[in-house]
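First comes the structure, then the notes that go with it.
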Amino acid sequence: MELKREDPEEAKELLERIKGLLKGPVRFMEVCGTHTVSIFRSGIKAMLPPQIDLISGPGCPVCVTPPEEIKRAMELALNGDVALVTFGDLMKVPVGGKSLEHLKAEGADVRVVLSPLDALQIALREPKKRVVFFAVGFETTAPAVAATVLEAKRQAVKNFFVLSAQRLIPPAIRALLEGGKVLLDGFILPGHVSVIIGKEPYGFIAREFRLPAVITGFEPLDVLESIWMLLEQRRRGLSQVLIQYRRAVRPEGNLRACSLVEEVFCAVDARWRGLGVIPQSGLKLRKGFSLWDAERAFGLLPPEPIPEPAGCSCGEVLQGLKKPPQCKLFGKVCTPSSPIGPCMVSSEGSCAAYYKYGGKDGQG
Numbered sequence: 021m022e023l024k025r026e027d028p029e030e031a032k033e034l035l036e037r038i039k040g041l042l043k044g045p046v047r048f049m050e051v052c053g054t055h056t057v058s059i060f061r062s063g064i065k066a067m068l069p070p071q072i073d074l075i076s077g078p079g080c081p082v083c084v085t086p087p088e089e090i091k092r093a094m095e096l097a098l099n100g101d102v103a104l105v106t107f108g109d110l111m112k113v114p115v116g117g118k119s120l121e122h123l124k125a126e127g128a129d130v131r132v133v134l135s136p137l138d139a140l141q142i143a144l145r146e147p148k149k150r151v152v153f154f155a156v157g158f159e160t161t162a163p164a165v166a167a168t169v170l171e172a173k174r175q176a177v178k179n180f181f182v183l184s185a186q187r188l189i190p191p192a193i194r195a196l197l198e199g200g201k202v203l204l205d206g207f208i209l210p211g212h213v214s215v216i217i218g219k220e221p222y223g224f225i226a227r228e229f230r231l232p233a234v235i236t237g238f239e240p241l242d243v244l245e246s247i248w249m250l251l252e253q254r255r256r257g258l259s260q261v262l263i264q265y266r267r268a269v270r271p272e273g274n275l276r277a278c279s280l281v282e283e284v285f286c287a288v289d290a291r292w293r294g295l296g297v298i299p300q301s302g303l304k305l306r307k308g309f310s311l312w313d314a315e316r317a318f319g320l321l322p323p324e325p326i327p328e329p330a331g332c333s334c335g336e337v338l339q340g341l342k343k344p345p346q347c348k349l350f351g352k353v354c355t356p357s358s359p360i361g362p363c364m365v366s367s368e369g370s371c372a373a374y375y376k377y378g379g380k381d382g383q384g
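For the sequence shown, my numbering gives the first residue as 21, with consecutive numbering after it.
Next comes the structure, spelled out in structure tokens:
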């Protein structure tokens with residue numbers, strides 16, 4: 021079914037098809053934070069029949085980064101000869117009452133970039149600075165980080181390092197399903213991640229857990245079509261991983277990008293905020309690239325876990341166990357201007373989306 025990106029008539033038709041397939045309540049998880057924002061911003065949540073419950077998952081990289089890893093980056097930033105470089109969403113995440121933004125205001129050299137290559141350029145321009153790129157992200161951004169490390173090696177740059185807090189989406193989905201705490205009827209899978217990895221890494225969702233899943237684009241009609249595709253699979257008794265976002269995602273993904281990541285990084289067990297330690301869900305630089313590994317260069321030890329702020333339900337929101345308005349801090353002491361947890365900080369955070377598009381009571 022080929023959809024025009026903005027067509028009210030097609031939206032009405034899809035909504036009618038969706039209503040025609042509904043036989044009872046269903047719960048679908050949109051894994052990606054960008055989908056959460058799209059669903060709220062477009063009004064899809066309000067248009068859908070009440071039997072369809074869309075819940076957000078662990079698809080916001082800033083949100084799932086555990087506080088101890090952010091604290092470790094903050095401690096590096098306090099070194100006088102270090103420039104800590106990262107993406108903008110991380111700046112306001114509070115840990116122990118402070119954030120990278122606070123440290124910058126107090127004189128620490130903390131800089132925001134749009135790409136890891138920008139961080140490498142800083143290192144080339146300022147050879148007396150030890151430039152640490154704090155890499156937070158999923159499979160979407162990992163190829164660019166890998167390419168930057170390869171370029172640093174090619175140019176023999178000695179003052180550039182990567183502190184990797186990168187995460188992989190499929191292991192997190194498996195952890196959610198194996199945990200059995202959240203009951204789901206299907207998945208709206210991330211588009212940007214899938215451009216890189218394709219559909220096979222999600223195959224276990226259908227094979228082992230007998231659930232339908234659809235790789236989905238970000239326009240309102242994309243989301244509506246994916247919901248229809250999930251319901252159609254349920255009607256036919258199927259469990260498959262399908263691609264709705266065909267204009268961008270190939271079944272095999274981007275093999276060149278995957279090869280870059282495989283060359284530079286290896287998968288390791290990693291802790292996620294709210295989900296605990298998930299096997300083979302993080303990315304660490306391989307030994308062949310240890311000269312650019314901030315952990316090795318600065319002799320960093322594995323960080324001790326830091327508990328969530330008192331009353332913060334961010335961990336449960338990321339698991340789909342709570343919706344943001346069910347957190348007692350939401351819209352009261354935790355707001356975008358004064359966030360307690362990262363789900364209210366990040367532009368892809370569920371709490372921020374609920375607050376911005378649903379009002380402070382979170383009702384969409």
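Don't be surprised by glycine CBs; every beta carbon is placed ideally from N, CA and C.
Between the region 244 to 256 and the region 305 to 316 there are fewer than three C-beta pairs closer than 8 Å, too few to call the two in contact.
Per DSSP, residue 50 lies in no alpha helix (DSSP H); the unbroken beta strand (DSSP E) holding it starts and ends at 46 to 50. If you ignore the 5 residues before and after residue 342, its C-beta comes within less than 7 Å of the C-beta of 333 and 336, all in its own chain and listed in chain order. In terms of Cα proximity to residue 223, the closest of 261, 170 and 363 is 261. In the DSSP assignment, residue 128 is bridged to no other residue.
Under the 10 Å beta carbon count, residue 92 is surrounded by 16 or more other beta carbons and is classified as buried. Less than 9 Å divides the Cβ of residue 150 from the Cβ of residue 99. Boundaries of the beta strand (DSSP E) harbouring residue 150: 150 to 155, taken from the DSSP string. If the five residues before and after residue 182 are omitted, its C-beta is found closer than 7 Å to the C-beta atoms of 153, 155, 165, 169, 305, 312, 313 and 314, all from its own chain and listed in chain order. Distances from the CA of residue 298 to each of 50, 67 and 85 were compared; the closest alpha carbon is that of 85.
The criterion of a C-beta distance shorter than 9 Å is satisfied by residue 370 and residue 76. The Cβ atoms of residue 82 and residue 115 lie no closer than 9 Å to each other. Contact between residue 344 and residue 363 holds, with the beta-carbon distance rounding to 7 Å and staying under 8 Å. The beta carbons of residue 191 and residue 300 sit closer together than 9 Å. Scanning the region 171 to 216 for uninterrupted beta strand (DSSP E) segments of 3 residues or longer gives 180 to 184 and 206 to 209, listed from N- to C-terminal end.
The straight-line gap separating the alpha-carbon atoms of residue 97 and residue 157 is approximately 19 Å. For residue 74, the CB contacts under 7 Å within the same chain, skipping 5 residues up- and downstream, are 48, 50, 59 and 65 in chain order. The DSSP assignment places 64 to 67, 81 to 84, 87 to 97 and 120 to 125 as complete runs of the alpha helix (DSSP H) inside the region 57 to 126, in order along the chain (cut-off: 4 residues).
By the Cβ neighbour-count rule, residue 44 is exposed, with fewer than 16 other Cβ atoms within 10 Å of its own.
Sorting 103, 268 and 378 by C-alpha distance to the C-alpha of residue 210 places 268 at the top.
Residue pairing by DSSP places residue 354 opposite 350 in a beta bridge. At the C-beta level, residue 206 and residue 250 come within 9 Å of one another. In the structure shown, residue 235 adopts extended strand secondary structure according to DSSP, grouped into three states.
In the DSSP secondary-structure assignment, residue 334 is not bridged to any residue.
The three-state secondary structure of residue 289, taken from DSSP, is strand.
The beta carbon of residue 281 sits closer than 6 Å to those of 162, 163 and 166, all from its chain and outside the five residues before and after it, given in chain order. A direct Cα-Cα distance of roughly 11 Å separates residue 232 from residue 248.
In this structure, residue 217 keeps its C-beta atom at 9 Å or more from the C-beta atom of residue 302. Less than 9 Å separates the beta-carbon of residue 199 from that of residue 295. By the neighbour-count criterion, in which 16 or more other beta carbons inside 10 Å mark a residue as buried, residue 117 falls on the exposed side. In the DSSP assignment, residue 296 falls within the beta strand (DSSP E) that extends over 296 to 305.
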